[in-house]
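Going left to right, the sequence shown walks through residues 1 to 568 as UniProt numbering numbers them. Note that beta-carbon positions come from the ideal geometry of N, C-alpha and C, so glycine has one too. Report on the structure given below.
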Amino acid sequence: MQSIASILSLPEVTRGDPEILLGADSLAQPVRWVHVAGTQNLTGLLTGGELVLATAAIAAPSAVAARHFLEVLASEGAVALFVEDPVPEQLTIQYDDAAHFLREAATAVGVSFPVVRLRRALRFVEITQSVHRMIVVEQLAQVERARHLHEEFVSLSVNGASQEEIVAAAARLVGAPVVLEDRQHRVLSWSAESDAALEPWTQHESLEDVAAERGWVHVEVGVGGHAWGHLVIPFNDAPHPDMDTDDAWRTDARLVLERAAQALTINRLAGRDERAIVQRARSTFFEDAANASTNSSTNSSAHGSEHRPALGAGPSAVRRRELNVRAQALGLGSAQRYVPGVVVLKNKYPHGAGRQNQEIELIEHLYRSAAAARIPLLAASTAGGNVGMVVGLQQASPSADWREAEDAALNALLKELDPAGVAVGVVPSVIEAVDAAASIGAATRVAQTAAALADPDRPFYRTQDLRLHGLLSQFSTDDRLENFIEAELGPLLHPVDESALDLLGSFVRAGGNRSVVAREQFLSRPAVYARLERLEKRLGVSLDDAESRASLHIALLAREVRGGRTSR
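Right, here's the structure in full:
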């Protein structure tokens, strides 16, 4: 954009012998347009950013008129005033009156924009034509530049350019280093001639710190008010040579970064769409396998006899082949056997976008672990907000135990998952992927039971690991089980007496050994005896009776399986 200084240097203006009366330090201000004042009252005639041309007779015929004129210009957003006040052929004492009026008025009004006196008569039309021509040419150049940038980054987006390629293109177009960082100020990608451009990222906490200190050009990357990063043009010890003097460069640099940010957003959205499509295809595979095998018998277990579904039950041979082919096409590598498993996420986000993001992060983590360990894997979100998976197994030797192969693969896959945050359930491996996918329901029940355990102590659980918990979980919604819990523990549940339930749990786990209970509860033996005696009275049973202890223990386990809830 043209500045007041550049307009002052035009031949059409220099012929007027310009004298700067005020605002010499504001000559870098950009000029949007030139307006010739034909009247003293310009209220409503300006839109802001104009350089106003006026004769002394209009701008400053008197002190009062000069003050009013400058007040209007300031309120209307003018950026400069050029006043034609030619030197008369015979100099008189009144010659400096206009300049004097303007200086006094500017002080009174408090204007800071430049006021220039043209000491020779000029044709204003020549000035307006010249300036407007430059402005239009500049605007056309900006339009052409914007079109070029648009085409450049659209081409990158259409051709599936990577994040690194987009950042490199931005650096090339702006002629300076460009860095892409995330919201945590971590560098995601950068394009510069040396690593020195990254030094500020090791010295500052946030982008705002550096931007304020060094005047960096930067834009947000994201959509809909949800920024996930910034594009930054970094400078280390000194700003770019043009930073303080060439506003056009800064404007162009910001335009480049904005177009690059749009391309990066499209790139990320496209990647998300692709991932979403793949995830949906994987989830659909699990659903179709479960539906196709609704009435099918189990194919073959790792520790039992091999057998096919009964004739007429379950998927047809053609359907089985189709589903197995789909599993391979979705990325599940070839294997000798397949382990069905389910990962249940505990608490945190019960539903909504937060839960979905949790599932996506978990699935991506599983795939990274599988790739690192070279384990065939197919994983996806399943009904109920869980993550189902089919894990491929290869037997080291014909004599090796498949149980060992299962343990090795699952431990490698799940070793970085926190048992406090997830519960993993698996069922025996099978020969075909379709049967493994169809067994996700059984694995889900194991995982959900494991999730209810008070102290998870292993990366994954099989049915036999759950023992009585596993049996009780199958009846967790049965009213008869709730009636049993109420009959055994009712006096401790209304209201819930956690300390009494904890003491009872210690007692039944210790097999009735009061000394063990005392150590576990950090109590003296007399105190334990007294508390257990009171507990017996509340429950109305003898705690020394083996059958009573067994019933109470089962009731406590059943309550744990039900999540500690009762409906009464």
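Close-in-space but distant-in-sequence residues of the same chain around residue i (CB under 8 Å, 5 per side omitted)
i	result
residue 97	60
residue 14	8
residue 152	169, 173 and 259
residue 378	282, 285, 327, 330, 331, 332, 389, 390, 433 and 437
residue 324	432, 433 and 434
residue 542	536 and 548
residue 227	183, 220 and 221
residue 188	163, 180, 181, 182 and 229
residue 532	503, 507, 514, 517 and 543
residue 561	449, 452, 469, 472, 473 and 476
residue 269	223
residue 171	177, 178, 191 and 192
Identified DSSP bridge partners for residue i
i	result
residue 189	180
residue 55	84
residue 388	342 and 380
residue 367	None; residue 367 has no bridge partner.
residue 337	393
residue 28	Partner(s): none; residue 28 has no beta bridge.
residue 406	According to DSSP, residue 406 bridges with nothing at all.
residue 229	182 and 221
residue 35	52
residue 18	118
residue 496	493
residue 75	The partner list for residue 75 (beta bridge, DSSP) is empty, contrary to what the question assumes.
residue 3	30
Assumed close pair residue i, residue j - CB separation to whole angstroms, cut-off 8 Å
i	j	result
residue 320	residue 430	That belief does not hold up - the Cβ atoms of residue 320 and residue 430 are roughly 12 Å apart, past 8 Å.
residue 223	residue 339	Actually they are not in contact, since the Cβ atoms of residue 223 and residue 339 sit about 40 Å apart, beyond 8 Å.
residue 215	residue 180	Wrong, their Cβ atoms sit about 19 Å apart, outside the cutoff.
residue 177	residue 191	7 Å
residue 514	residue 525	6 Å
residue 115	residue 72	At roughly 14 Å, the Cβ-Cβ gap does not stay under 8 Å, so residue 115 and residue 72 are not in contact.
residue 484	residue 550	Not a contact, Cβ separation roughly 12 Å.
residue 345	residue 422	6 Å
residue 106	residue 70	6 Å
residue 166	residue 291	Incorrect: roughly 43 Å between the Cβ atoms, too far for contact.
residue 233	residue 253	6 Å
residue 34	residue 53	6 Å
residue 416	residue 369	7 Å
residue 576	residue 558	The shown model of the chain, from 1 to 568, leaves out residue 576, and the question about it has no answer.
Chain-order list of residues whose beta-carbon lies under 7 Å from that of residue i (same chain, five-residue window excluded)
i	result
residue 539	491
residue 213	none
residue 104	63
residue 211	218
residue 3	27, 28, 29, 30 and 31
residue 505	556
residue 120	15, 16, 17 and 86
residue 66	59, 60, 101, 102 and 105
residue 20	114 and 116
residue 255	146 and 149
residue 288	323
Sequence-distant residues of its chain with Cβ nearer than 6 Å to residue i (five each side left out)
i	result
residue 85	56, 98 and 117
residue 264	166 and 221
residue 343	387, 422 and 424
residue 501	492
Specify whether the segment 111-122 and the segment 72-80 touch according to this definition: at least 3 beta carbon pairs, one from each stretch, less than 8 Å apart.
yes
Would you call the segment 459-469 and the segment 400-415 touching, i.e. three or more CB-CB distances under 8 Å?
yes
Report yes or no: do three or more beta-carbon pairs, one from the segment 132-152 and one from the segment 40-51, lie closer than 8 Å?
no
Meets three-Cβ-pair contact criterion under 8 Å: the segment 462-480 and the segment 363-377:
no
Using 8 Å as the Cβ pair cut-off and three pairs as the minimum, do the segment 438-451 and the segment 380-393 touch?
yes
Pick out the complete alpha helix (DSSP H) segments inside the UniProt domain "PucR C-terminal helix-turn-helix" (501-558), 4 residues or longer, and give them in chain order.
514-521 and 525-539
Assess contact between the segment 142-157 and the segment 33-42, defined as three or more Cβ pairs (one per stretch) separated by less than 8 Å. Is contact present?
no
Jot down the residue ranges of each uninterrupted beta strand (DSSP E) in the segment 408-473, minimum 3 residues, whole runs only, in chain order.
422-426
Can you list the alpha helix (DSSP H) stretches of 4 or more residues lying completely in the segment 120-159, in chain order?
124-158
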